[in-house]
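From first to last, the protein sequence lines are chains A and B. Each residue of the first sequence is one higher than the last, beginning at 12 in the numbering used here. Each residue of the second sequence is one higher than the last, beginning at -8 in the numbering used here.
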Amino acid sequence: MIVYDTRFNANEWFVIVGFCIGYGMLFLLPRRFSYKITLLFIICGIYSGFFYDHSLSVEPKDFYDVNDTSLYQPWDFLSYLMYGPLSYLFFYIWDCVRFKFRFAPLYIFAWGLVAVAFEKFAIVCHVFHYKNGYRLAYSFPIYLLTYSIWSALYYYFKVRQANAKA
Amino acid sequence: MAILIGTVVTWMAVTFFSIIPKKIPPFETIFLFCVNTIFELSIFSILHLNLKFIVVEPGIGNGIADLMLRLIELPLLLVASSNILLYSNKVKWCWVALIILFTLLVQQTLEWMDIITFQRWNIMYTGIYMCVNVAFSSMMTWVITSLDKKETA
């Protein structure tokens, strides 16, 4: 087990502030989707965080640790919940701006840059601790892949919505 | 060998899921798949990383096989069990029991093959763990379908 620190400091504050801003924003934004779809879009983000952190940060590769230790802690769980409002915002902005699907790669790229900046800030706050040669740049294609999958889900949602109206 | 077992078992789960009649619509299915993965993986991480009750033996093959089972096979079987529990026939409980027995058999095989090791853990606990997962999946099915009914009402 690796222990990075044992005090309540920057990483815990990052998670608390991120959590409060994210879910505060979620309640303040005007509703655009049904409760079911809202929940699905939030879960998408939490699931993606979980998926990558439990596939990249465990054996056989073990590229990074989250928060104070290499063990699974309540703060880790809270930090995964932080991704929920981010994914909701991804779908929300797309739905507000009504981008055409041919612009999806641009939108995904912009979100990829935002996500890398967010991750960089998380590293500065000691939320992530890279190991075994992992670098921030490697996360960029992972974000692009994740947002592409979310875009496919959004496309499917729009198609079903259009069919339901017809 | 570990990857082969993981792939075959995962593909069996994919096949089973694709052939059963679905009672849960697509968006609810995606939601269930995600929450089941989060719940199951959280408990497993505590058992594996923190408590060391279940240890995945070192090696790329073992790690990948375990990930395939945790990230694809188990969530898919849990979504399948939620679908089956919505059937109106009386044999649905037998099907769910069969799913749980299948996962127990897979766990036991993994232990026999030295892919995972049980420490202060046995197959009975895995059975209880699976029952908890099935109950959680059913609860989440109820939550997501109630949200829909509430909105249409």
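For glycine and all other residues, C-beta sits at the position ideal for the given N, C-alpha and C. As the structure is a prediction and not an experimental result, all values here were calculated from the model.
For this session: Could you check the C-alpha separation between residue 114 of chain B and residue 98 of chain B for me, to the nearest Å?
Result: 8 Å
Problem set entry | Contact set between residue 26 of chain B and chain A, taken where Cβ atoms lie within less than 7 Å | Contacts between residue 26 of chain B and chain A, judged by CB atoms closer than 7 Å, involve 54 in chain order.
Exercise. Going along the segment 127 to 141 of chain A in order, which residues come within less than 8 Å of chain B, judged by CB to CB distance?
Worked result: Of all residues in the segment 127 to 141 of chain A, none has a Cβ within less than 8 Å of some Cβ in chain B.
Exercise. Is residue 82 of chain B helix, strand or coil by DSSP?
Worked result: coil
Exercise. Quick one: Cα of residue 18 of chain A to Cα of residue 70 of chain B, how far?
Worked result: 40 Å
Exercise. Since residue 61 of chain B and residue 31 of chain B are thought to touch, with beta carbons under 8 Å apart, how far apart are those beta carbons, to the nearest angstrom?
Worked result: 7 Å
Exercise. With 8 Å set as the bound, which would you pick, yes or no: does the beta-carbon of residue 101 of chain A sit closer than that to a beta-carbon of chain B?
Worked result: no
For this session: Whole angstroms is fine: what's the gap from residue 53 of chain A's alpha carbon to residue 156 of chain A's?
Result: Roughly 18 Å between the two C-alpha positions.
Problem set entry | Nonlocal neighbours in the same chain, by C-beta distance under 8 Å from residue 82 of chain A, ignoring five residues either side | 12
For this session: Quick one: which unbroken alpha helix (DSSP H) runs of 4-plus residues sit fully inside the segment 21 to 60 of chain B? Chain order, please.
Result: 51 to 59
Problem set entry | Backbone secondary structure at residue 83 of chain A - three-state DSSP | Of the three classes helix, strand and coil, the one that applies to residue 83 of chain A here is coil, per DSSP.
Exercise. Does DSSP put residue 140 of chain A in a helix, a strand or coil?
Worked result: strand
For this session: Select from A:94, A:55, A:103 and A:158 the residue whose C-alpha is nearest the C-alpha of residue 129 of chain A.
Result: A:94
Exercise. Taking the continuous beta strand (DSSP E) assigned at residue 157 of chain A, which residues delimit it?
Worked result: For residue 157 of chain A, no beta strand (DSSP E) run applies; the uninterrupted alpha helix (DSSP H) run containing it begins and ends at 147 to 176, by DSSP.
Exercise. Using the beta-carbon of each residue, which ones in chain A are nearer than 8 Å to residue 22 of chain B?
Worked result: 47, 50, 51 and 54
For this session: Look at the Cβ atom of residue 167 of chain A, then the Cβ atom of residue 123 of chain A, and state whether they are nearer than 8 Å.
Result: No, the pair does not count as a contact, with Cβ atoms beyond the cut-off.
Exercise. Hey, is residue 32 of chain B's beta-carbon within less than 8 Å of any beta-carbon in chain A?
Worked result: Yes, contact with chain A.
Problem set entry | Element boundaries [alpha helix (DSSP H), containing residue 120 of chain B] | 114 to 143
For this session: Entirely within the segment 26 to 95 of chain A and at least 4 residues each: give me those alpha helix (DSSP H) ranges in chain order.
Result: 46 to 67 and 85 to 92
Exercise. What are the residues that DSSP puts in a beta bridge with residue 108 of chain B?
Worked result: According to DSSP, which records beta bridges pairwise, residue 108 of chain B is partnered with B:46.
For this session: Evaluate residue 53 of chain B with the Cβ neighbour count: other Cβ atoms within 10 Å of its Cβ, from every protein chain shown; 16 or more gives buried, anything less gives exposed.
Result: buried
For this session: Check the DSSP bridge columns for residue 70 of chain B and list the partner residues they point to.
Result: Paired residue(s): none; residue 70 of chain B is not in a bridge.
Problem set entry | Pair within 8 Å by beta-carbon distance, residue 15 of chain B and residue 80 of chain B | no
Exercise. Just curious, the alpha helix (DSSP H) that residue 131 of chain A is in, first and last residue?
Worked result: 115 to 135
Exercise. Which residues mark the beginning and the end of the alpha helix (DSSP H) in which residue 10 of chain B is found?
Worked result: Where residue 10 of chain B is concerned, the enclosing alpha helix (DSSP H) starts and stops at -7 to 10.
For this session: Please determine if the segment 33 to 41 of chain B and the segment -4 to 13 of chain B are in contact, where contact requires at least 3 C-beta pairs separated by less than 8 Å.
Result: no
Exercise. From residue 72 of chain B to residue 25 of chain B, what distance separates their C-alpha atoms?
Worked result: 15 Å
For this session: Check whether the Cβ of residue 66 of chain A lies closer than 8 Å to any Cβ atom in chain B.
Result: yes
Exercise. Beta-carbon of residue -5 of chain B versus every beta-carbon of chain A: anything under 8 Å?
Worked result: no
Exercise. Nearest to residue 57 of chain A by alpha carbon, out of B:47, B:46, B:48 and B:22?
Worked result: B:22
Problem set entry | Beta-carbon neighbours of residue 58 of chain A, restricted to chain B and to distances below 7 Å | Against chain B, the beta carbon of residue 58 of chain A has neighbours under 7 Å at 25, 28 and 29, listed in chain order.
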